[in-house]
DNA sequence: GTCTGGTTGTTCGAATTGGAACGACCATCG
DNA sequence: CGATGGTCGTTCCAATTCGAACAACCAGAC
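Residue numbers (my numbering), protein chains in the order written: chain A, 1212 to 1379; chain B, 1212 to 1379.
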């Protein structure tokens, strides 16, 4: 490691734009959700993933991996959602360790009530601002970056375990 | 508002890539900083901004605006940094309300020790993964999105006040 | 002057986060 | 079977986050 390669002006601009846009956007989305349906951004994401899962449920570990949140953090949030009746938990019969979190009908109803506003905001504040080329570049470039980081490349993260079959 | 315009597959891919890459990346950077110099990502950002400011100091409000963090959150972190001797605070003589936070020599030293590893990680994990075109698209597209959100467009945020002259 | 409206940074309390430690569990080997 | 190593989700605790309320302050109208 001779001397450090600093960021060029262009690189710095891109990097700042990336973090700045994310912070600004996430803040808006969070507030919007909180106001409209009382959910946090993370809670919305949890419900969204569950609603899209095969049988409307997922393993805790899989969820945590998808959301890039710590296990303990997920436990906490799922507990909140369960208290609110939006999610139900059941333990897997074939693997006593595993816990499945599934979205309830009530959760689906709330999600459907939350989605329009949320999606509209994402479109207005990000998607519609980008040209089709920029959108594509974003999907390609950041998709690749995400993929590389997800595979333990360069650091921790040994996961990518079993693909979570419906269990029974 | 007729019916909601949902996200197309491409749009969804881009959106997911964006949030996913950010989460993954920020987590790595955070851990890296914590291990190498004991700073959090936010603390590093604070020091970095201060080090680049005209006289190595900024108003609290300006800092908070740049970092997109709540005022109270910034107060907390700056207090931490001050306790560690990396930052010093002084109140402005011409405007008794304002508080300037400035980075100390000790802070500069730590920042210089932290920067190489941090910057290298940013390059390796993000910049170097992108093609020049993608980098440019990211800077342009997300830059524009950030700019629009920063101007109260569509929502709260009335700020963008005085440009914080050196005060004396 | 004095009043009013808006700004600034801090304080407070409640909610959330994340890591480490833990107990329960599976799978493999002998 | 008994032991071992690894996985899973939870619990615990300290650190952090955010918004609302607050006190001090500035600026302009009157």
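Note that the Cβ used here is the ideal one computed from N, Cα and C, for glycine as well. Remember, it's a predicted structure, so these values are computed and weren't measured experimentally.
Item checked: Residue interval of the alpha helix (DSSP H) (run including residue 1330(A)) -> Per DSSP, residue 1330(A) belongs to the alpha helix (DSSP H) from 1316 to 1336.
Next item on the list: State yes or no: is the beta carbon of residue 1329(A) nearer than 7 Å to at least one beta carbon in chain B?
Entry: No, no contact with chain B.
Margin query: In the DSSP output, which residue or residues are listed as bridge partners for residue 1312(B)?
Written below: Bridge partners of residue 1312(B) according to DSSP: 1269(B), 1300(B).
Notebook entry, point to check: If we count the other Cβ atoms within 10 Å of its Cβ and call it buried at 16 or more, is residue 1255(B) buried or exposed?
Noted result: Counting Cβ neighbours within 10 Å, residue 1255(B) comes out buried, since at least 16 surround it.
Checklist line | chain B contacts made by the stretch 1335 to 1350 of chain A, where a contact means CB separation under 8 Å | finding: Under the 8 Å Cβ criterion, the stretch 1335 to 1350 of chain A contributes 1335, 1336, 1337, 1338, 1340, 1341, 1342, 1344, 1345, 1346, 1347, 1348, 1349, 1350.
Margin query: On the criterion of 16 or more Cβ atoms from any shown chain inside 10 Å, does residue 1273(A) qualify as buried, or is it exposed?
Written below: Buried: at least 16 other Cβ atoms inside 10 Å.
Notebook entry, point to check: Going by C-alpha distance, which of 1218(B), 1250(B), 1342(B), 1227(B) is nearest residue 1322(B)?
Noted result: The residue among 1218(B), 1250(B), 1342(B), 1227(B) with its C-alpha nearest the C-alpha of residue 1322(B) is 1250(B).
Margin query: Against residue 1222(B), what residues of chain A qualify as contacts under a CB-to-CB distance less than 8 Å, listed in chain order?
Written below: Per Cβ cutoff of 8 Å: 1334, 1338, 1346.
Margin query: Distance cutoff 7 Å, beta carbons only. Does residue 1219(A) sit that close to anything in chain B?
Written below: Taking CB atoms only, residue 1219(A) has no neighbour in chain B less than 7 Å away.
Checklist line | Backbone secondary structure at residue 1342(B) - three-state DSSP | finding: In the displayed model, residue 1342(B) falls within coil according to three-state DSSP, outside both helix and strand.
Item checked: Cβ pair count under 8 Å reaching 3, the stretch 1344 to 1360 of chain B against the stretch 1334 to 1347 of chain A -> The stretch 1344 to 1360 of chain B vs the stretch 1334 to 1347 of chain A: in contact.
Next item on the list: Taking a Cβ distance cut-off of 8 Å, strictly less, list which residues of the stretch 1289 to 1313 of chain A are near chain B, in chain order.
Entry: From the stretch 1289 to 1313 of chain A, no residue has a Cβ closer than 8 Å to chain B.
Check: Of the residues 1361(B), 1228(B), 1217(B), 1338(B), which one's Cα is nearest the Cα of residue 1279(A)?
Finding: Answer by Cα proximity: 1228(B).
Note to self: As a quick exercise: from 1269(B), 1358(B), 1359(B), pick the residue whose alpha carbon is nearest that of residue 1309(B).
What the structure shows: Closest in alpha carbon position to residue 1309(B), among 1269(B), 1358(B), 1359(B), is 1269(B).
Next item on the list: Please report how far the alpha carbon of residue 1327(B) lies from the alpha carbon of residue 1240(B), in whole angstroms.
Entry: So the two alpha carbons sit approximately 12 Å from each other.
Checklist line | Residue-level contact to chain A via CB, residue 1371(B), 7 Å cutoff | finding: At residue 1371(B), the pLDDT of 36 sits below 50, so the modelled position is not reliable; the number obtained from the coordinates is stated separately. So no, residue 1371(B) is outside the interface.
Notebook entry, point to check: Got a sec? Which residues, its chain only, sit under 6 Å from residue 1215(A) by beta carbon, not counting five neighbours each side?
Noted result: Correct list: empty, nothing qualifies.
Check: Could you give the distance in angstroms between the alpha-carbon of residue 1356(B) and the alpha-carbon of residue 1225(B)?
Finding: Straight-line Cα distance between these residues: approximately 14 Å.
Margin query: Please list, in chain order, the residues of the stretch 1246 to 1257 of chain B that have any C-beta partner in chain A closer than 7 Å.
Written below: For the stretch 1246 to 1257 of chain B, no residue has a beta-carbon sitting nearer than 7 Å to a beta-carbon of chain A.
Margin query: Determine, for residue 1319(A), whether the minimum Cβ-Cβ distance to residues of chain B falls below 7 Å.
Written below: At a cut-off of 7 Å, the C-beta of residue 1319(A) has no neighbouring C-beta in chain B.
Next item on the list: For residue 1215(B), name the three-state secondary structure that DSSP assigns.
Entry: Secondary structure at residue 1215(B): coil, using DSSP grouped into helix, strand and coil.
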